[in-house]
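All residue numbers for the sequence shown refer to this note's numbering, where the first residue is 27 and numbers rise by one.
No residue lacks a Cβ here, since even glycine has one placed at the ideal position from N, Cα and C.
Step one of this worksheet: look at the structure below.
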Amino acid sequence: MRKLAFIIASILTLVFLSCDRRTSKKEHLEHAILEFNKKMNTANVNTYYPERYTEIKIDSIISNTFKVSINNYVSSNAKILIKESVKNLKKTSEFHRAFESDILVSVENKIILKTHISAENFIDNSSSHFWKNATLEHVWVNQETSNKNKLSLGISFINPKNDSFMLYEMRIDKKGNKRLTLIEDQS
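Structure follows, in structure tokens:
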């Protein structure tokens with residue numbers, strides 16, 4: 027009986043001594059990973075389209091009447107987030123840079139129209155979901171529909187997030203009056 031009491035006392039002592047709340051290997055590893063992750067910063071990798079600043083200048087004379095200067099360029103502070111992912115402390119973001127355009131139209135050396143076009147300030151910027159992530163794609167002179175009395179400009183906007191676009195035509199007369207028409211809507 028004494029032997030049995032000694033064995034039970036030894037087992038109870040061993041059980042109580044082993045309950046000192048030491049962490050298991052798994053718990054220790056999880057804690058070490060958490061502490062490591064707290065100290066590590068996530069690496070941000072941003073890719074842009076286009077990769078660099080882009081500017082396209084177009085100067086045209088239409089029917090010896092209209093002199094047109096168009097400057098399409100990347101906005102210095104506007105971009106559209108296309109996709110974002112985080113994997114193994116690496117955050118990857120893809121952006122599409124926003125474009126803007128400055129247009130100057132003159133007739134007989136007299137400026138009849140000076141305007142700035144971007145998705146933010148566009149006349150037809152309705153509450154449509156298309157405009158939430160839209161940017162100007164480019165502005166160009168439509169020589170086929172321009173003549174000595176009217177200038178025709180093509181204006182395209184894209185939404186790179188959902189691969190949609192809108193195409194407009196801006197008609198300008200010799201006095202600088204303009205009329206905007208939606209040509210195609212793929213939104």
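Residues bridged to E110 [DSSP beta-bridge criterion]: In the DSSP assignment, E110 forms a beta bridge with S119.
Leaving aside the five residues before and after H142 along the sequence, list all residues of the same chain whose C-beta is less than 6 angstroms from its C-beta, in chain order. Within the same chain, H142 has close Cβ partners D128.
Could you check what DSSP says for E53 in three-state terms: helix, strand or coil? In this structure, E53 counts as helix in the three-state DSSP scheme.
With distances taken from CA atoms, which of F191, A124, N114 and K116 is nearest P76? Taking only the C-alpha atoms, the option nearest P76 is A124.
Are the CB atoms of F156 and S213 nearer to each other than 8 angstroms? Taking a C-beta distance under 8 angstroms as the contact criterion, F156 and S213 qualify as a contact pair.
Own chain partners of M66 with C-beta closer than 7 angstroms, once the 5 adjacent residues on each side are dropped: In chain order, L115 place their CB closer than 7 angstroms to the CB of M66, counting only its own chain and leaving out the 5 sequence neighbours on each side.
Please determine, among N185, L179 and F92, the residue with the shortest C-alpha to C-alpha distance to T207. Of the listed residues, the one whose Cα sits closest to T207 is L179.
Buried or exposed (CB count within 10 angstroms, at least 16 for buried), I96: It counts as buried.
Could you tell me which residues DSSP pairs with D144 in its beta bridges? Checking the displayed sequence, the identity of residue 144 turns out to be Ser instead of Asp. None; S144 has no bridge partner.
Consult DSSP for R205 and reduce its assignment to one of helix, strand or coil. It is a strand residue.
Taking C-beta to C-beta, are N63 and I82 nearer than 8 angstroms? No, Cβ-Cβ distance for N63 and I82 is not below 8 angstroms.
Once the 5 residues before and after V133 are set aside, which same chain residues still bring their CB inside 7 angstroms of it? So the list reads T91, F92 and K200, once near-sequence residues are dropped.
Pull the bridge partners of Q212 from the DSSP assignment, please. Beta bridge pairing from DSSP links Q212 with F191.
Could you tell me which residues DSSP puts in a beta bridge with D197? A quick correction: the sequence has Arg, not Asp, at residue 197. DSSP, once it has assigned bridges, lists S178 and R205 as partnering R197.
Which one of T161, F32, T118 and I87 has the shortest CA to CA distance from A69? Measuring C-alpha to C-alpha distances from A69 to each of T161, F32, T118 and I87 identifies T118 as the nearest.
Collapsed DSSP secondary structure at N70 in the structure displayed: If DSSP states are grouped into helix, strand and coil, N70 belongs with the strands.
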